[in-house]
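Colleague: Just so we're aligned, residue 1 is where the sequence shown starts under the UniProt record's numbering, counting upward by one. For each residue, glycine too, the CB sits at the ideal point set by N, CA and C.
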Amino acid sequence: MHNVYFNHDGNVDDLVSLLLLLQMPDVNLLGVGVTDADGYAVPAVAASRKIIDVFGGTERHTTVARSNSRPVHQFPKQWRLSAFSFNDFPILNERSIINTPLVQQPAHLDLIDKIIKSPEKVTVVMTGPLTDLARALTLRPEIAANINCLYWMGGALNGHGNVAEPDQDGTMEWNAYWDPQAVQTVWQSDLKIVQVALDSTNQVPLTQELRWRWARQRQYPALDLIGQGYSLVHSFEADSTYYLWDVLTTLVSNYPELVDSRTVKSAVLTEGPGAGRTYIDDEKGRPVTFVTNVDANAFYDKIDELAQAAPYRHQN
């Protein structure tokens, strides 16, 4: 059993990641922080608490904290709306109350508190911007000594990003672009970092076959929720491919055998038309473990395995 803190930014892939993280038998989920980035924080916080209530089992003591971090560049509004629909799914709303506690302090302070109080080193999994961790390290740099590893979904090392905004060169990934300086702050720390970039996540697309696969397993409540969740992404991804960015990162944090990795030296740009670009710099970059190849079949099988085993509490 190892301690994990999960910080996400509230879109479908983040919420599915939380659902699956709760099912990992050797993970003690200390807390969840929610950033107002790829999803709106208020409904994403509520959905996170409901997921823990319904699918977290009876022995969970996980808390949820809302971040007050703000962007340098905010995600497009139409991408962020899925959090409202996910939070309204009937399977999450059979209960009249939410029992999972909402922490009163902001997420970066909750992160500090959970790490300091943990008797063992904490694995930090982040599927959104790095701002909360950067703020935590700035306030209390000593927490780095009690962090086992950071697993981050962010960046792109091949120069092909997913940001198409005015006056930008298209080489950066959105989580890094949201706050480039936060990436720089974390990169300047001594943390061990596993980077799951677009180069890796592009190997696990959301296909029609995958949707049918989940639909055939609707007898499992968690897989029913997963299928419903990913139906929402058609609203803004109808003409492009959606990938399981955050789920890959979350599963890699506990099942490294799903991927191949290598050590590279990377750096980040914080200004100009490439602000947020992560790139290989063999001379001045800092070492990170970079996920290169994914065993996609094993990855999809692991999703099914975890979701099939999920407990389901449907009433108070």
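Within 10 angstroms of the Cβ of residue 238, are there 16 or more other Cβ atoms? Answer buried if so, exposed if not.
Modeller: At residue 238, the pLDDT of 45 sits below 50, so the modelled position is not reliable; the number obtained from the coordinates is stated separately. The residue is exposed, with fewer than 16 neighbouring Cβ atoms inside 10 Å.
Colleague: Kindly indicate the opening and closing residues of the beta strand (DSSP E) around residue 264.
Modeller: Its beta strand (DSSP E) spans residues 259 to 268.
Colleague: Pairs of beta-carbons, one from the segment 107 to 114 and one from the segment 301 to 315, closer than 8 Å: are there three or more?
Modeller: Verdict: no, contact absent.
Colleague: Could you check which residue in 285, 233, 204 has the C-alpha nearest to that of residue 300?
Modeller: For residue 300, the nearest C-alpha among the options comes from 204.
Colleague: Using only the alpha-carbon positions, how far apart do residue 199 and residue 100 sit?
Modeller: Their backbone Cα atoms lie some 36 Å apart in a straight line.
Colleague: Who pairs with residue 291 in a beta bridge, going by DSSP?
Modeller: 261, per the DSSP bridge assignment.
Colleague: Under 8 Å by Cβ, that's how I've got residue 194 and residue 86 pegged, so tell me the actual separation to the nearest angstrom.
Modeller: At roughly 27 Å, the Cβ-Cβ gap does not stay under 8 Å, so residue 194 and residue 86 are not in contact.
Colleague: May I ask you to report which of helix, strand or coil DSSP gives residue 55?
Modeller: Helix.
Colleague: Between the Cα of residue 120 and the Cα atoms of 95, 280, 28, 132, which residue gives the shortest distance?
Modeller: Residue 28 is the option with its Cα nearest to residue 120.
Colleague: Would the beta-carbon of residue 10 fall within 8 Å of that of residue 41?
Modeller: Their beta carbons are under 8 Å apart, which means residue 10 touches residue 41 by this criterion.
Colleague: Do you know whose CA, among 175, 179, 191, 131, lies nearest residue 148's CA?
Modeller: Nearest of 175, 179, 191, 131 to residue 148, Cα basis: 191.
Colleague: Below 8 Å, can you find three or more Cβ-Cβ pairs linking the segment 252 to 262 to the segment 223 to 231?
Modeller: Segments in contact, no.
Colleague: Would you give the residue range spanned by the alpha helix (DSSP H) that residue 127 belongs to?
Modeller: No alpha helix (DSSP H) contains residue 127, which DSSP labels as neither H nor E.
Colleague: So what does DSSP say about residue 296, is it helix, strand or coil?
Modeller: Residue 296: helix per DSSP, three-state reduction.
Colleague: Between which residues of its own chain and residue 98 is the CB-CB distance below 8 Å, once the five residues before and five after are set aside?
Modeller: Closer than 8 Å at Cβ, skipping near neighbours: 46, 49, 50, 53.
Colleague: If we ignore side chains and look at the alpha-carbon of each, how far apart do residue 243 and residue 154 end up?
Modeller: Straight-line Cα distance between these residues: approximately 13 Å.
Colleague: Using the C-alpha atoms, what's the distance from residue 170 back to residue 163?
Modeller: Answer to the nearest angstrom: the Cα atoms are 5 Å apart.
Colleague: Thinking residue 44 and residue 83 are a contact (beta carbons under 8 Å), I'd like their distance in whole angstroms, please.
Modeller: About 4 Å; that satisfies the 8 Å criterion.
Colleague: Once DSSP output is grouped into helix, strand and coil, what is the label at residue 151?
Modeller: Strand, per DSSP.
Colleague: If you reduce the DSSP assignment to three classes, tell me which class residue 205 lands in.
Modeller: Three-state DSSP puts residue 205 in a strand.
Colleague: Given this structure, state the Cα-to-Cα distance separating residue 323 from residue 56, to the nearest angstrom.
Modeller: The requested residue 323 does not occur in the structure, where the chain is confined to residues 1 to 316.
Colleague: Sort 251, 273, 272 by Cα distance to residue 25 and report the nearest one.
Modeller: Residue 25 has its Cα closest to that of 251, out of 251, 273, 272.
Colleague: How would you call residue 309, buried or exposed, if buried means at least 16 neighbouring beta carbons within 10 angstroms?
Modeller: Exposed is the call here.
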